[in-house]
Structures are given as C-alpha cells and as structure tokens.
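Numbering of the sequence shown is given in our numbering, commencing with residue 9 and proceeding in unit increments. All C-beta atoms, glycine included, are put in the ideal place defined by N, C-alpha and C. Okay, so here's the structure we're looking at.
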Amino acid sequence: MFPGRLAQLPPSSFAQLAELLDPVKPGGPVVSLSVGDPRGTVPAFVTEKLAAYAHQFGEYPPTNGTAEWRLAAAGWLCRRFDLPAKALDAEVQVLPLNGTREGLFLAPFIVTPEVKAGGRPVILLPNPFYQCYAAAILACGAEPVFVPARAETGFLPDFASLPKAVLERTAAAYICSPSNPEGAVADADYWRTLFSLADAHDFTVFADECYADIYLNEPPIGALTVRFEETGSFDRLLSFHSLSKRSGLPGLRSGIVTGDARLMSTFRSFRNYAGPQVPMPVMAASAAAWADEAHVTANREQYRERFRAARRILGGRTGFRVPEGGFFLWLEVGDGEAAALKLWREAGIRVLPGAYMGRETEPGKKQSNPGFPYIRVALVSDLSTISATLERMGEILVPSSKPGGA
Ligand SMILES: Cc1ncc(COP(=O)(O)O)c(C=O)c1O
C-alpha cells in the first residue's frame, strides 16, 4: 500500500474493520462502538471564544502558541500533576499541537540518531498500540520493537524484559497511560522502572497521557509527577496531552507536548518546519478549556455512569473487567475477529477486533497477536444506547457465568 520503509504498515484498523464487516449485512440498526470518538457537547465557553477570536483567522499564529495559552497549559499541568508552580517554564516547556497525534508523530524525528550502539536505532512501543506510533517510527527510519501488553504484565509492556542489546539501540519508548485500548494505568513503580531504563540506556520516554483525565477512581499518577519527584527535572521525558478526551473536543484538534527543556527546544525548532501552527481562535478556546475543570468533571461522570452500566450488564461474564482509565471496554471473548463479525451479523453492533490494534509476535500465527482474544468497545454513545447495546452483546457473546459480579 505504501512505498519503501512504510510498506510494513498494514491498512489502518478501521480499513481492516470495513473489509471484515462491509460485505456482511448488519443484523439490526447499526450501532457503532468501534471508534473512540468522544462525541462531547461543546461547552458554550468554547464556542464563544472561537467566535470572539475568529478575526484572528486572518493571521498566521506563532508556533509557540500565545502567552495566554502557554500559561493556561502550564497551569493545568502543574495542578493536575502536583508540580510546584515553577517546575515548568511556560516559555520553553510547553508547545501547542494540532491534537496529540501530531506531536506523537513528530517526536521520533527529534531523538533518533542515524546509528545507535553500532546498529539501527530502535523505538519501543506497546502491543497493541495507537497506530500512529508505528507509522512515526517507520517514517523516521527506526526499527519498531513491539512489546506485548498482556494480562500477565498488567496490560502494560514489560520493557525491562527486553534483551540488553535491544535496549542499547533504543532511542525512545512510547508508553500510553491510561492506555488505549486496555485502559491500564502505569503506577509510580512502573514509571520509575521505565525512567531507570531510559537513564541507563540513554533513550527518551514518549508518555502518551491523553486519557489522563478520564478515570474511574483516583487520578492516574503522571510521568511528569514521578520524574520530577525523583530528579527535580523532566530529563528524557516528553509527555503528551489532549483536549480531545479531557474536554470531549476531538474536533478542536488541540493538544500539548511538554517535558525535557532541551528536547522541547529541539521540538519547537523542528515543528517550525514540520508542524502547522495552531490557529489563534483554537488557542483562545483551548486556554479556556485547560483552565476549567467543571466541564471535565461532568464529562468524567458520564463515563463513570457508562462503566457502572457495563458492570451491571456484563459484570461476572468471563473476560469482563472494568479498566482503570480511558473509555474503552477491552473484552476478552476468545477470538475478537469472530466476535466482532457475530455482533455485526446478528445485531448490527460494530466493535473493533483487538488484533487490528496489535501485531503478531510470531509471524503467520494469528493467536500470537496480544489483541487476538479481545474486542475493543468504545463507551462513547449516550447511556441508554450503550446500555441497550451491551445487553444485546451479552446475549450474543459468551454465556453468562454469575451475573452482577466482578
Ligand atoms: C492513545 C491515543 N493517543 C493519541 C490520540 C490522539 O488524540 P488527539 O485527538 O489529541 O490527536 C488518541 C486518539 O484517539 C489515542 O487514543
């Protein structure tokens, strides 16, 4: 499909899903729980800011963002991640992005040398994973090393288990917490281990924390918090945040990259060539969104209600677990592709086979893909649609063992 070094990229998860389902007639009115599109209500203050600053569409914005945006972004980062007010220099350590994806894609280019430890540089990533990581790694010429995130390792990749020779060639590691698709959260020990590997082998941690504000109980500890507590700095860390999930504003295309002052300066220079600036009205609306928590609390409460419904309906079934964060159910169903096809054929329910977000660890063996046994169900519709759909899924999928438990 793609030429050269990108030829290793399979069709996107959703292209694969279309290939699986489109030839088959849906067995009911179509309900899509496959895409993680938060479909939030746009807060009135966002609309107002966009309108008030619309005249600034007539000028090129600064790559660096506006002073107002930088202060709002740094202010939120310090509040959310328990950092002292001066821990982040807003002038150099925060940059606006047109969505986290843009920053996650550009990041490998600023840390990957031509050669590391005498060989081709490696970038580590979890398996399954957000698909942009692999595209970015291949585009910048590094070798992707997919590290399984299975139940046995708490649904997070065990980077420390990699051979020393791989770690020495490692230029960076992507890690997602709360993770998409599993909803796993890295605790302080997990981050500490990862940073000690990064220090020992001189690589950068790309912490994709765009679901940081979507959690069930306690706010997940952040990479910034742990790194700062340990070292008083953010060395070897870039952390990525988004209004897409926190504020339910995926269409605004607005994110933050922050962290290591030296890397941030390189990032800004590179972005000056490669990244489109964020429009001024979007920055004004984003500054207001980072400064406000009321809409985020309401947003989070909606997800909690949906997870409560999921537990009531599917709890006690084999393979059911409530994630710690994010808005996906990662349901173990035996064979995710077969289950997705069955749900479509019998009820018109569209979910994503977990395998479409992962890679086989043994080529040609479908079952070796850590996503193989799972489906990913995005809880992004309204509560009544989700409840009715989950009830139907429960009837179609694995038989119930003990209702109401787990
Ligand atoms: C894990 C993960 N990272 C990054 C993104 C990109 O988010 P944004 O809308 O900020 O580009 C997504 C979006 O679905 C995601 O799931």
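Residue 249 has 264 as its beta-bridge partners, per DSSP. By the neighbour-count criterion, in which a residue is buried when 16 or more other Cβ atoms sit within 10 angstroms of its Cβ, residue 281 is exposed.
Judged by pairs of C-beta atoms under 8 Å, the region 78 to 95 does not touch the region 324 to 331, as fewer than three such pairs exist. Look at residue 110: its beta carbon is less than 8 Å from one of the heavy atoms in ligand 1. In this structure, residue 107 has its beta carbon less than 8 Å from a heavy atom of ligand 1. Here the alpha carbon of residue 128 sits roughly 26 Å from the alpha carbon of residue 269. A residue is called buried once 16 or more other Cβ atoms fall within 10 Å of its Cβ, and residue 334 is buried on that count. Counting only residues of its own chain and dropping the five nearest sequence neighbours on each side, residue 174 has a CB closer than 7 Å to the CB of 130 and 153. Annotation: the continuous beta strand (DSSP E) that includes residue 340 extends over 336 to 340. Here the distance from the Cβ of residue 377 to the nearest heavy atom of ligand 1 is not below 8 Å.
By the CB criterion at 9 Å, residue 53 and residue 306 fall outside the cutoff. Contact between the region 236 to 251 and the region 352 to 370 is absent: fewer than 3 CB-CB pairs across the two stretches fall below 8 Å.
In terms of side-chain proximity, the C-beta atom of residue 48 is found no nearer than 8 Å to any non-hydrogen atom of ligand 1.
With a contact defined as Cβ atoms closer than 8 Å, residue 179 and residue 119 qualify at about 5 Å. Take the alpha-carbon of residue 222 and the one of residue 316: they are about 14 Å apart. By the Cβ test, the region 164 to 172 is not in contact with the region 338 to 348, since fewer than three Cβ pairs between them sit closer than 8 Å. Counting C-beta atoms within 10 angstroms of its own C-beta, residue 375 has fewer than 16 neighbours from the protein chains shown and is therefore classed as exposed. Rounded to the nearest angstrom, the gap between the Cα atoms of residue 140 and residue 181 is 13 Å.
DSSP, reduced to helix, strand and coil, places residue 329 outside both helices and strands of the structure shown, so it counts as coil.
For residue 385, the CB contacts under 7 Å within the same chain, skipping 5 residues up- and downstream, are 41, 336, 337, 339 and 359 in chain order. The beta carbons of residue 116 and residue 150 sit about 6 Å from each other, so the pair counts as a contact at 8 Å.
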